[in-house]
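**Student:**
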Amino acid sequence: MIHGRWYSYLHSLSYAGGILKTHVKRFLLLVVFTLTLTLVANSQDKRGPNPVPYPPAIAAPVDVPYPGTISLLVDLTDNTHRVANVHETVPVSAGELTLLYPKWIPGNHSPTGPISKVAGLVVTAGGKRIPWLRDPVNVYAFHITVPTGVKSVDVEFQYLSPVTGREGRIEISNEIADLAWDTVLLYPAGYFVRNIQVEASLKLPEGWKFASALDVNSQAGSLVHFKTTTLNTLVDSPVYAGIHYKRVDLSTDAQNKVFLDVFGDKEADLAISPEELTFHRNMVKEAAKLYASRHYDHYDFLFSVSDKIGGMGLEHHQSSEDGERANYFTDWAAGVRSRDLLAHEYTHSWDGKFRRPADIWTPNYDVPMRDSLLWVYEGMTEYYGFVLTARSGMRTAAQTRDLIGEIAANFDISPGRKWRPMEDTTNQPTVSQRTPVSWVSWQRPEDYYTEGLLIWLDADTKIREMSGGKKSLDDFAKIFYGIDNGSYVTRTYTFDDVVAALNQVQPFDWATFLHKRVDELAPETPKDGITRGGYRLAYSDTPPDWLKAVEQAEAAESEDGEPSKATTNFSTSLGFTAKSDGSLGNVWWDSPAFKAGMAPDMQIVGQNGTAFSTTAIKQAIVAAESSKEPIHLLVKRGREIKTIDIDYHGGLRYPKLERVEGTPARLDEILAPGK
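One gets our numbering by counting positions in the sequence shown from 1 and adding 252 to each.
#1: Just to confirm, are residue 932 and residue 704 a CB contact at a threshold of 9 Å?
#2: My parser needs the beta strand (DSSP E) runs of 3 or more residues fully inside the stretch 578-631; what are they?
#3: Should residue 600 be labelled buried (16 or more other beta-carbon atoms within 10 Å of its own) or exposed?
#4: What residue range is occupied by the uninterrupted beta strand (DSSP E) comprising residue 807?
#5: Helix or strand or just coil, what does DSSP make of residue 433?
#6: Quick check on DSSP: helix, strand or coil for residue 822?
#7: On the premise that residue 571 lies in contact with residue 465, defined as a C-beta separation below 8 Å, what is that separation, rounded to the nearest angstrom?
#8: Kindly provide the ranges of any beta strand (DSSP E) runs that are 3 or more residues long and lie completely inside the stretch 825-882, ordered along the chain.
#9: If you pair each beta-carbon of the stretch 855-865 with each one of the stretch 773-786, do three or more pairs fall below 8 Å?
#10: Just list the beta strand (DSSP E) runs in the stretch 297-385, keeping only unbroken ones of 3 residues or longer that don't cross its boundaries, in chain order.
#11: Applying the criterion that 16 or more other CB atoms from any shown protein chain within 10 Å of the CB defines a buried residue, is residue 381 buried or exposed?
#12: If contacts are defined as beta-carbon pairs under 8 Å, then residue 573 and residue 430 qualify, I think. What distance do you get, rounded to the angstrom?
#13: Roughly how many angstroms lie between the CA atoms of residue 610 and residue 622, to the nearest whole one?
#14: Of all the options 891, 714, 442, which has the alpha carbon lying nearest to the alpha carbon of residue 918?
#15: Among the candidates 747, 891, 769, 906, whose CA atom is the shortest distance from the CA of residue 822?
#16: With a cut-off of 8 Å on the beta carbons, I'd call residue 592 and residue 657 a contact; round off their distance for me.
#17: Which two residues bound the contiguous beta strand (DSSP E) that contains residue 438?
#18: So which of 795, 773, 717 has the shortest CA-CA distance to residue 760?
#19: Within 10 Å of its beta-carbon, does residue 587 have 16 or more other beta-carbons around it, so buried, or fewer, so exposed?
#20: Which residue from 697, 726, 426 puts its Cα closest to that of residue 926?
#21: Restricting to Cα atoms, I'd like to know which of 731, 860, 331, 559 is closest to residue 413.
#22: Taking the alpha-carbon positions, what's the residue 878 to residue 797 distance?
#23: So the candidates are 841, 825, 806; which of them puts its Cα closest to the Cα of residue 832?
#24: By the three-class DSSP mapping on this structure, what secondary structure does residue 526 have?
#25: Quick test of your reading: residue 448 and residue 494, contact by CB under 8 Å. State the CB separation rounded to the nearest angstrom.
#26: Counting only the same chain and skipping the five closest in sequence on each side, list residues whose C-beta sits under 6 Å from that of residue 566.
#27: For residue 322, which option in 338, 580, 384 has the closest C-alpha, if you only look at C-alpha atoms?
#28: Identify every run of the beta strand (DSSP E) within the stretch 451-518, keeping only runs that are complete inside it and at least 3 residues long; order them along the chain.
#29: For residue 317, tell me which candidate among 388, 481, 875 has the shortest Cα-Cα distance.
#30: Consider the C-beta atom of residue 700 and the heavy atoms of the ligand ADP; say whether any pair is separated by less than 8 Å.
#31: Apart from the five residues on each side of it in sequence, which residues of its chain come closer than 8 Å, Cβ to Cβ, to residue 873?
#32: Apart from the five residues just before and just after residue 685, which ones in its own chain have a Cβ nearer than 7 Å to its Cβ?
#33: Which residue's Cα is closest to the Cα of residue 660: 693, 644, 645?
#34: Using CA coordinates, which residue listed in 871, 581, 353, 516 is at the minimum distance from residue 526?
#35: Per DSSP, residue 701 is paired with what?
#36: Which class does residue 575 belong to by DSSP, given the choice of helix, strand or coil?
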């Protein structure tokens with residue numbers, strides 16, 4: 253049996269366009285490889301087999317220009333089947349060519365390129381088909397032997413976007429499409445992607461509008477030709493398109509051009525009130541105050557408000573892919589919990605795109621990323637996402653404090669901190685490729701987001717305390733992210749760079765401060781920033797008003813009359829979340845529910861002799877405060893139905909931050925609009 257890639261050499265011997273010299277070279281390589289396999293086989297002794305050699309390595313990327321410009325056409329007109337049809341013309345020369353499908357996607361921090369959704373791959377030259385062979389080790393690589401005299405090859409395939417939610421996030425509907433260029437192209441191995449030129453075009457369904465950070469060269473009806481750009485810029489500049497579209501100007505001045513490009517399931521979803529518009533404009537103003545710089549020519553929030561395509565939040569240098577529910581504007585009170593999405597992704601233009609950890613930056617999309625500094629990249633972005641959302645008025649300071657309290661309370665009941673240091677959670681995107689886990693509180697996947705928020709709140713209040721209120725983490729933001737104003741060229745950083753910038757703001761042993769909180773096991777929740785901010789974590793039997801509005805909105809029936817699958821959080825009491833149909837989400841490790849025998853695959857059918865409802869669960873928890881009787885839950889698991897008794901009497905316990913009188917209110921200062 254001939255092994256892997258080397259089959260291509262035999263296959264090419266029969267190709268009519270080959271030349272003798274190339275055939276002889278391949279034949280000799282085949283002979284060497286076959287002899288190697290024979291020697292390996294003959295070397296086996298009583299100890300067992302030896303490993304078969306790997307095929308030759310794929311060419312590593314080199315910082316030299318790729319000869320010629322790739323032409324790329326993506327056709328989105330078959331939105332009925334959710335299919336993108338792709339045609340590429342790639343300049344080539346005779347010999348061996350390897351085309352790569354993007355694997356490590358910027359912002360995903362993991363090898364999640366959807367290669368399984370590529371189908372119908374055909375390579376031709378001058379109308380004649382050229383065989384391709386997928387690499388047996390790197391399945392994202394396709395090997396092609398280019399015949400003599402061929403100057404370009406044509407590549408065609410389909411990207412089969414998910415049709416149902418079980419296949420992945422819905423990206424295309426009858427009204428909206430989210431096109432990520434990395435899903436619809438192959439590119440030549442051996443080059444930095446910044447040195448590969450691409451001329452991209454897009455064909456849309458009739459009547460559709462589009463938005464992108466890309467500059468348009470020309471448009472004829474539904475066919476759009478973008479200006480030639482580098483592959484890294486193309487991949488970093490997705491396109492949103494759809495029927496119902498509104499563009500809102502959020503610019504602070506002529507130099508800081510920012511737009512909100514909104515696509516909805518229907519025209520009514522695009523209605524933005526004057527107050528909501530003010531909040532969004534304030535967010536851009538507050539970011540300008542914070543960073544005192546910009547690293548884009550113009551910035552576009554590509555924003556879907558939809559119940560048909562999936563929610564989204566992915567950063568890009570001059571834009572972001574954002575997605576919220578269809579009622580984002582029309583029921584403003586319902587969206588408090590996720591209101592920081594736009595501020596988070598906007599912050600990434602500075603933190604993650606312009607400034608990027610050195611081990612995350614890679615020369616192409618098939619070199620593995622290393623995510624050790626995600627607690628800066630994502631953790632500080634999470635922190636400033638919360639801060640900017642409060643400063644802009646998109647969330648009130650009280651709502652923001654409640655949500656910070658929720659984060660701290662969640663860590664208090666999550667025992668995974670006893671075995672897994674926070675830094676190791678930065679490996680989770682690679683460990684799980686961002687697939688869901690069963691026991692979140694024990695496995696603690698990707699805690700670098702929210703624990704990072706608490707760490708940077710700790711650092712901010714520490715700077716304010718040591719400097720007597722004269723300095724803050726905002727000064728770090730200006731020093732670290734505000735350099736090279738107007739430049740789009742990525743500047744990488746290391747741990748030592750972060751420490752040096754912190755010391756420039758306020759001298760202190762920041763290396764030890766950060767190592768203790770990031771590298772070491774920390775069973776206790778990092779609440780020093782809350783305490784130093786003038787607050788403490790407390791609990792109440794009564795939910796805040798904003799949470800009542802959120803739960804009420806989520807409990808409402810959907811437009812098609814189907815019951816809502818809203819989730820109610822009982823994590824700080826019984827230790828689980830439950831949907832409106834009784835199916836469980838998370839069950840907290842070592843919680844009362846866990847100890848009683850509950851698991852995430854169960855469904856609650858009833859409680860204390862009545863049919864299930866989240867309201868009845870709340871009533872049972874309140875009643876148990878003044879009773880010694882356990883809460884009786886009737887649960888279903890597969891075909892089994894049984895009763896589980898939870899001996900809990902601690903009340904509902906809604907977390908909040910409570911003001912400590914007589915202490916500096918530093919957290920209030922942090923959340924107040926910038927000066």
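Just so you know, even glycine gets a beta-carbon here, dropped at the ideal spot from N, CA and C.
**Tutor:** Taking the definition as stated:
#1: As displayed, the chain neither begins before 253 nor continues past 927, which places residue 932 out of reach and without an answer.
#2: List check, beta strand (DSSP E) in window: 607-609.
#3: So residue 600 counts as buried.
#4: In the DSSP assignment, residue 807 falls outside any beta strand (DSSP E) and within the unbroken alpha helix (DSSP H) covering 797-807.
#5: It is helical.
#6: Here DSSP, grouped into helix, strand and coil, assigns residue 822 to strand.
#7: About 4 Å; that satisfies the 8 Å criterion.
#8: Here the runs fully enclosed are 828-831, 836-839, 855-859.
#9: Contact between the stretch 855-865 and the stretch 773-786 is absent: fewer than three C-beta pairs spanning the two stretches fall below 8 Å.
#10: Segments of the beta strand (DSSP E) lying fully in the stretch 297-385: 321-327, 335-343, 347-352, 370-377.
#11: Exposed, by the Cβ-count rule.
#12: The C-beta separation of residue 573 from residue 430 comes to about 6 Å, placing the pair in contact by the 8 Å criterion.
#13: Cα to Cα, residue 610 sits roughly 9 Å from residue 622.
#14: Ranking 891, 714, 442 by Cα distance to residue 918 puts 714 first.
#15: Of the listed residues, the one whose Cα sits closest to residue 822 is 906.
#16: Actually they do not touch by this definition, with Cβ atoms about 15 Å apart.
#17: No beta strand (DSSP E) contains residue 438, which DSSP labels as neither H nor E.
#18: The shortest C-alpha to C-alpha distance from residue 760 to any of 795, 773, 717 is the one to 717.
#19: Residue 587 comes out buried.
#20: Looking only at 697, 726, 426, the smallest Cα-Cα distance to residue 926 is reached by 726.
#21: Closest by C-alpha distance to residue 413, out of 731, 860, 331, 559, is 331.
#22: Across the structure, residue 878 and residue 797 are spaced so that their CA atoms are roughly 25 Å apart.
#23: The option with the nearest alpha carbon to residue 832 is 806.
#24: DSSP places residue 526 in helix when its eight states are reduced to three.
#25: Contact flag wrong, Cβ pair sits at about 29 Å.
#26: Taken in chain order, the residues that qualify are 359, 573.
#27: Closest by alpha carbon: 338.
#28: Qualifying beta strand (DSSP E) stretches, in chain order: 461-464, 468-472, 475-478, 491-494, 496-501, 509-516.
#29: When each option's Cα is compared against that of residue 317, the closest is 481.
#30: The ligand ADP is not part of this structure, which contains no ligands at all.
#31: Correct list, in chain order: 822, 825, 826, 883, 900, 903, 904.
#32: Beyond the five residues adjoining it in sequence on each side, residue 685 comes within less than 7 Å, by CB distance, of 362, 363, 364 in the same chain, given in chain order.
#33: If we check each option's Cα against that of residue 660, 693 comes out closest.
#34: Selected option, being the one with the closest Cα: 581.
#35: Bridge partners of residue 701 according to DSSP: none are assigned.
#36: In the displayed model, residue 575 falls within a strand according to three-state DSSP.
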